[in-house]
Amino acid sequence: MELLDGKAISKQLKEEIREEVAVMVAKGHRPPHLAVILVGNNAASETYVSAKVKACKTTGFESSLLQFPPEITQEMLLQTIDELNENEEVDGFIVQLPLPKHIDSKTVIERVIPTKDVDGFHPINVGKMALGLDAFISATPGGIIELLKRYEIQTEGKHCVVLGRSNIVGGPMAMLMRRNTYPGNSTVTVAHSRTNNLKEICLQADILIAAIGKPEFVTADMVKEGAVVVDVGINRVDDSTRERGYRLTGDVDFKNVANKCSYITPVPGGVGPMTIAYLLNNTMIAARKRM
Ligand code: NDP
Numbered sequence: 000m001e002l003l004d005g006k007a008i009s010k011q012l013k014e015e016i017r018e019e020v021a022v023m024v025a026k027g028h029r030p031p032h033l034a035v036i037l038v039g040n041n042a043a044s045e046t047y048v049s050a051k052v053k054a055c056k057t058t059g060f061e062s063s064l065l066q067f068p069p070e071i072t073q074e075m076l077l078q079t080i081d082e083l084n085e086n087e088e089v090d091g092f093i094v095q096l097p098l099p100k101h102i103d104s105k106t107v108i109e110r111v112i113p114t115k116d117v118d119g120f121h122p123i124n125v126g127k128m129a130l131g132l133d134a135f136i137s138a139t140p141g142g143i144i145e146l147l148k149r150y151e152i153q154t155e156g157k158h159c160v161v162l163g164r165s166n167i168v169g170g171p172m173a174m175l176m177r178r179n180t181y182p183g184n185s186t187v188t189v190a191h192s193r194t195n196n197l198k199e200i201c202l203q204a205d206i207l208i209a210a211i212g213k214p215e216f217v218t219a220d221m222v223k224e225g226a227v228v229v230d231v232g233i234n235r236v237d238d239s240t241r242e243r244g245y246r247l248t249g250d251v252d253f254k255n256v257a258n259k260c261s262y263i264t265p266v267p268g269g270v271g272p273m274t275i276a277y278l279l280n281n282t283m284i285a286a287r288k289r290m
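Its first residue numbered 0, the sequence shown is counted upward by one per residue in numbering that gives the first Met the number 0.
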């Protein structure tokens, strides 16, 4: 078994980006600028956002954190998005999800101008990606594709089972794995909460990508010998032995599944850091386009 070390690969990717930023700045251009909107005080969101801002610093990006209380009105949030859409000093921005219940995420996502939608959530970007056109690919699936590529994982002709069909992870992941390119050209099955015979389907997977948000849901008896397993899940599980009272675990029972795999991502240190690196990659693409 070999680890798909997202931490190491994301470092590599960020270093490449940092070098490109240095050249850009040496030529007299301003560095890429990523803005992040954070609404409310969801602890997990705060952690993700601070990791994104920190990653901007290490790569030489400018970053802006726009933080709002949970009671912000939808109207005010949309107005902020309009301002960022217009702001020529900002190359890309994201609205950290989830949003409070009184705000409609769909309306918010659709308000972001597609050329600055570095999270790749706007229907225009999702549609273009589905058609194989130039588009921002959402950061988590994009990061996974990059990880598979850098480990030279064979995907052509393989059976890829994607567990989960959300708009931000499972859905786009499945689209990318069936594309007529590398990494891709897989035969893809998408499983979800209404899937029958889930275990039998998972057992057929040469590549199993788990994105369901259920701690250690994928057990060893669901995994084929030699499979490549990508664990997207980030779940907080109570753990009184830890100072913070919880530990992070994926959707895969890593301890027992790892022995059966050819490759597997750890949690933490797998898909999470790749997501952040890919967000920077998308912002770099946006910045290149203005030069
Ligand atoms: P969602 O809750 O939006 O989607 C979960 C999906 O899993 C749904 O399609 C759901 O099916 C399916 N599902 C739920 N329970 C089961 C089950 N028992 N059997 C089969 N399918 C099931 O989650 P996300 O896609 O946003 O996130 C998934 C996980 O990935 C979470 O742990 C999240 O924290 C993590 N994540 C990690 C990121 C990273 O950077 N590493 C980034 C984003 C997310 P149905 O559609 O039928 O409801």
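For every residue, glycine included, the Cβ atom is placed at its ideal position computed from N, Cα and C.
Sequence-distant residues of the same chain with beta carbon closer than 6 Å to residue i, five excluded per side
i: Ile263; result: Val228, Ala257
i: Cys260; result: Met0, Ala226, Val228
i: Ala319; result: For residue 319 there is no data in the structure shown, the boundaries of the chain being 0 and 290.
heavy atom of the ligand NDP below 7 Å from residue i C-beta
i: Ser9; result: no
Element boundaries [alpha helix (DSSP H), containing residue i]
i: Ala34; result: From DSSP, Ala34 is part of no alpha helix (DSSP H) but of the beta strand (DSSP E) over 32-38.
i: Phe253; result: 253-256
i: Leu3; result: Premise fails: Leu3 is in no alpha helix (DSSP H) and is neither H nor E.
i: Glu145; result: 138-149
i: Thr274; result: 270-288
i: Thr79; result: 73-85
i: Glu45; result: 42-58
i: Ser104; result: 104-110
i: Cys201; result: 197-202
i: Leu98; result: Neither: Leu98 is in no alpha helix (DSSP H) and is coded neither H nor E.
i: Ile162; result: Contrary to the premise, residue 162 reads as Leu rather than Ile in this sequence. Unbroken run through Leu162 is the beta strand (DSSP E), 158-162; no alpha helix (DSSP H).
i: Lys127; result: 122-129
i: Ala219; result: No alpha helix (DSSP H) contains Ala219, which DSSP labels as neither H nor E.
i: Ala173; result: 169-176
Whether residue i touches residue j by CB criterion (8 Å)
i: Val52; j: Ser62; result: yes
i: Thr186; j: Cys159; result: yes
i: Thr248; j: Glu199; result: no
i: Met172; j: Ala129; result: no
i: Ile102; j: Gln66; result: no
i: Val111; j: His121; result: yes
i: Ile206; j: Ala219; result: no
i: Val20; j: Pro30; result: yes
i: Lys13; j: Ala54; result: yes
i: Val231; j: Val270; result: yes
i: Tyr245; j: Val236; result: yes
i: Ala204; j: Leu197; result: no
i: Tyr150; j: Gln95; result: no
i: Ala286; j: Asp90; result: yes
i: Asn179; j: Thr154; result: no
i: Leu279; j: Phe60; result: yes
i: Gly268; j: Asn234; result: no
i: Ala25; j: Leu83; result: no
Residue range of the unbroken beta strand (DSSP E) whose run includes residue i
i: Gly91; result: 91-94
i: Ala209; result: 206-209
i: Thr248; result: 245-248
i: Ala190; result: 186-190
i: Asn234; result: 234-237
i: Val229; result: 227-230
i: Leu65; result: 61-67
7 Å Cβ shell around residue i - same chain, five flanking residues per side excluded
i: Met273; result: Gly5, Ile8, Ser9, Gly142, Ile143, Glu145, Leu146
i: Glu88; result: His32
i: Leu98; result: Val38, Ser104, Val107
i: Asn137; result: One point to set straight first is that residue 137 is Ser, not Asn, in the sequence displayed. Correct list, in chain order: Asp118, Gly119, Phe120, Ile167, Pro171.
i: Pro265; result: Leu2, Phe253
i: Thr79; result: Ile36, Leu65
i: Ile123; result: Pro113
i: Met221; result: Lys198, Cys201, Leu202
Residues near residue i in its chain [Cβ-Cβ closer than 8 Å; skip 5 each side]
i: Met283; result: Ile16, Glu19, Val20, Pro31
i: Val336; result: Given that the chain is displayed from residue 0 to residue 290, the structure contains no residue 336 and the question cannot be resolved.
i: Asp133; result: Lys127
i: Gly131; result: Arg178, Asn179, Thr180
i: Asp81; result: Arg110
Anything with a beta carbon under 5 Å from a heavy atom of the ligand NDP counts; list them all in chain order. Thr139, Gly163, Arg164, Ser165, Val168, His191, Ser192, Ala210, Ile211, Gly212, Val231, Gly232, Ile233, Val270, Gly271, Thr274
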